[in-house]
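Engineer: Numbering (the working numbering), first residue to last: 8 to 343. Sharing a structure with you now.
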């Protein structure tokens, strides 16, 4: 993966802030996720890191990759390592909003309508191929993602905590799809690209299958963290100090996207707050109680790539959003 997002194996003791015991234990547990997920998924450490950052920020993730790169297995394994409830919805053209959120069902025994929860009532929801369902059904997730509740017949029903939507989409198939509108893309904290494994990693995948690995059996994957550790981690992230110079740098990066001649849509203020949030989470995972400009640079592409839009002429010239963002990162002055 091109995103420069990697967990440190062990942060140096000198760099660690004065954590409470719960916060330090939470960091250690969440750092151990990668090795546990690796029991089922070869490689993809950077994607796992991005998912953990999203959980720490109480955000949602859009996963993009070609079929067969273990996106579903990755999210299932993450839920197993965190001992979280997991549900998967295959988004299809005939899927209705009630199939996601739930609906009122008439009970003949009581002669009353009873609410039957949909799959969105879970901790980790995998919205598989979200761009294959019409906008009406896509929009059924908006309230859940933003308000963490579902309203049916005017009655709000809270979702479990923690709650995260991991939506997948195929980057190469566009026929029969409904691209997510910009406003809905902006609701996702991160857009992570799931790459095809390297040659050595692909050999390791084949070797595992030759030895009898069953991707449907995750019994060997242990829960190393849970809701308590996530809550402690979220509290730890909120204590990470942000220098005004770093805030200014984040704003300058986002404003530069609005002035770029290659982009017709730049990053909104919501995108700026998202970048600062992910940078703080990455700083905390790295064992620091302060944010550096490098933290913002490391998370800029996964946090901003889905919040910008190329001009048609730039696309014809072969420009990419990641390439434009890289150019902006290289030109915006870094504070000292």
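For every residue, glycine included, the Cβ atom is placed at its ideal position computed from N, Cα and C.
Please work out which residues of its chain come closer than 8 Å, Cβ to Cβ, to residue 225, disregarding the five sequence neighbours upstream and downstream, and give them in chain order.
Structural biologist: Start at 1 with the first residue of the chain shown, and residue 225 comes out as number 218. The residues are 47, 83, 84, 87.
Engineer: Between which two residues does the beta strand (DSSP E) holding residue 156 run?
Structural biologist: Mapped onto the chain shown, residue 156 falls at position 149. Run containing residue 156: 156–159, per the beta strand (DSSP E) assignment.
Engineer: DSSP three-state call for residue 174: helix, strand or coil?
Structural biologist: Taking the first residue of the chain shown as position 1, residue 174 is located at position 167. The three-state reading of DSSP puts residue 174 in strand, counting E and B together.
Engineer: By how many angstroms is the C-alpha of residue 313 removed from the C-alpha of residue 408?
Structural biologist: The displayed coordinates of the chain run from 8 to 343. Any statement about residue 408 would go beyond what the structure contains.
Engineer: Would you check if the distance between the CB atom of residue 97 and the CB atom of residue 77 is smaller than 8 Å?
Structural biologist: For this step, residue 97 is matched to residue 90 along the chain shown. For this step, residue 77 is matched to residue 70 along the chain shown. Contact: no.
Engineer: Under 8 Å between the Cβ atoms of residue 214 and residue 187?
Structural biologist: Residue 214 sits at position 207 when you count from the first residue of the chain shown. Residue 187 sits at position 180 when you count from the first residue of the chain shown. Using a Cβ distance threshold of 8 Å, residue 214 and residue 187 do not count as a contacting pair.
Engineer: In this structure, does DSSP put residue 343 in helix, strand or coil?
Structural biologist: Here the question's residue 343 lines up with position 336 in the chain shown. Residue 343: coil per DSSP, three-state reduction.
Engineer: Are the region 162–170 and the region 112–121 touching, with three or more C-beta to C-beta distances below 8 Å?
Structural biologist: no
Engineer: Does the beta-carbon distance from residue 331 to residue 254 come in below 8 Å?
Structural biologist: One-based indexing of the chain shown puts residue 331 at position 324. One-based indexing of the chain shown puts residue 254 at position 247. Not closer than 8 Å, so no.
Engineer: Leaving out five residues before and five after residue 328 in sequence, what residues of the same chain have Cβ atoms less than 7 Å from its Cβ?
Structural biologist: Numbered from 1 along the chain shown, position 321 holds the residue referred to as residue 328. Sequence-distant partners of residue 328 (beyond 5 residues in either direction) whose C-beta falls short of 7 Å from its own C-beta, in its chain, are 312, 315, 317.
Engineer: Within the continuous beta strand (DSSP E) that includes residue 227, where are the two ends?
Structural biologist: By one-based count along the chain shown, residue 227 stands at place 220. Taken as a continuous stretch (DSSP letters only), residue 227 belongs to no beta strand (DSSP E), as it is neither H nor E.
Engineer: Going by DSSP in three states, residue 135 sits in which element: helix, strand or coil?
Structural biologist: The residue labelled residue 135 in the question sits at position 128 within the chain shown. Strand at residue 135.
Engineer: Whose C-alpha, out of 153, 100, 148, 157, is nearest the C-alpha of residue 123?
Structural biologist: Position 116 of the chain shown, counting from 1, holds the residue named residue 123. Minimum Cα distance to residue 123 is reached at 157.
Engineer: Taking the DSSP output, what are the residues bridged to residue 248?
Structural biologist: For this step, residue 248 is matched to residue 241 along the chain shown. Residue pairing by DSSP places residue 248 opposite 297 in a beta bridge.
Engineer: Using only alpha-carbon positions, find the residue among 333, 182, 45, 291 that is nearest to residue 61.
Structural biologist: For the purposes of this step, residue 61 is taken as residue 54 along the chain shown, with counting starting at 1. Closest option to residue 61, Cα to Cα, is 291.
Engineer: Please state the DSSP three-state secondary structure of residue 32.
Structural biologist: The count along the chain shown starts at 1 and reaches residue 32 at position 25. Residue 32 falls in the helix class under three-state DSSP.
Engineer: For the beta strand (DSSP E) containing residue 165, name the first residue and the last one.
Structural biologist: Numbered from 1 along the chain shown, position 158 holds the residue referred to as residue 165. Element bounds for residue 165: 162–165.
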